[in-house]
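All remarks here apply to the structure that follows.
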């Protein structure tokens, strides 16, 4: 298991002016409270939050509210120190990424454990890729936009020198070979954004553009690691409840690699790309197996062969498309 989560706690934030109950960066450094007013944000107590696995979410009057979750009570989680720290980290990470591209959804404010974003109209990228009404050209253009954004986010680490370096020897799901470690040691690090996946892109009609949100964890790492995670997230677009038995193959991986290299003016290391594709599959299998162990009855009986068949397809795809 990774120790990455223990390395990620840090950083700072700043606010949006709003009514009582949401007054910028509550409980944070007042020296950071210098951001100009951008609109009216609802009081936290007045919102109807919907629970997700690791967060509470709500939308109101053009704002999207994301509160980190550790219990079944949003009011309690709003003031929970652990949830506040996670919100603080996401706010700061997103502000860093926004400085590199305007195609990252910029947070408007932070109140204890709640991060406030402008509401994006949709659709989600995953929905576009699955829609029968979308064309191959639309799907390819959206994926090129996403990979071009990744290149921009990898362009500069000068404002992230205090971020921890990902330890590829100890914190992974697939033991790296000596050759892989040698390539990593000789490679310049970029930002590594663990949430850079298909499910974390949403279209906004007023801007006529795709926006990235939810970085999860940010380190200094290998650019091939990020791209590999994005590719595996594409293959797994149909994974899970209500999905398909088959992996999603509606993209050209060579086109994505070429798009990234052209946008970044950086050649990707093929040996590292192959390793991280396999490592990402191992990671996703780990968490799928963990979820399966929590199932009972028919869910477990159906889930076991589904998991085995799906991951066998992933492994075969990577073997066939090895760089």
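In our numbering, the protein residues as written are 1023 to 1345.
Even glycine gets a Cβ: it sits at the ideal position worked out from N, Cα and C.
Note that this is a predicted model, so its numbers are computed, not measured.
1) Check each candidate in 1223, 1227, 1233 and 1247 and name the one with the smallest Cα separation from residue 1215.
2) I'd like to know if the region 1282-1293 and the region 1325-1337 are in contact, where contact means that at least 3 CB-CB pairs between them fall below 8 Å.
3) Between the Cα of residue 1171 and the Cα atoms of 1123, 1192, 1273 and 1329, which residue gives the shortest distance?
4) Can you tell me which of 1145, 1083 and 1298 puts its alpha carbon nearest to the alpha carbon of residue 1229?
5) Between which residues of its own chain and residue 1072 is the CB-CB distance below 6 Å, once the five residues before and five after are set aside?
6) One question on the structure: do residue 1209 and residue 1133 come within less than 8 Å of each other, judged by their Cβ atoms?
7) How big is the Cα-Cα spacing for residue 1113 and residue 1239?
8) When you compare each of 1219, 1203 and 1183 to residue 1213 by their alpha carbons, which one comes out closest?
9) Ends of the alpha helix (DSSP H) at residue 1255?
10) Measuring CA to CA, which of 1158, 1253, 1196 and 1293 is closest to residue 1276?
11) If you check the beta carbons only, do residue 1232 and residue 1167 fall under 8 Å apart?
12) Please state whether the Cβ-Cβ distance between residue 1314 and residue 1306 is less than 8 Å.
13) Looking at the unbroken alpha helix (DSSP H) that takes in residue 1166, where does it start and where does it end?
14) Are the CB atoms of residue 1222 and residue 1241 nearer to each other than 8 Å?
Looking at the coordinates:
1) 1247
2) no
3) 1123
4) Out of 1145, 1083 and 1298, 1145 has the C-alpha closest to the C-alpha of residue 1229.
5) 1079
6) By the CB criterion at 8 Å, residue 1209 and residue 1133 fall outside the cutoff.
7) 11 Å
8) 1183
9) For residue 1255, the enclosing alpha helix (DSSP H) covers residues 1245-1257.
10) 1253
11) yes
12) no
13) 1158-1175
14) no
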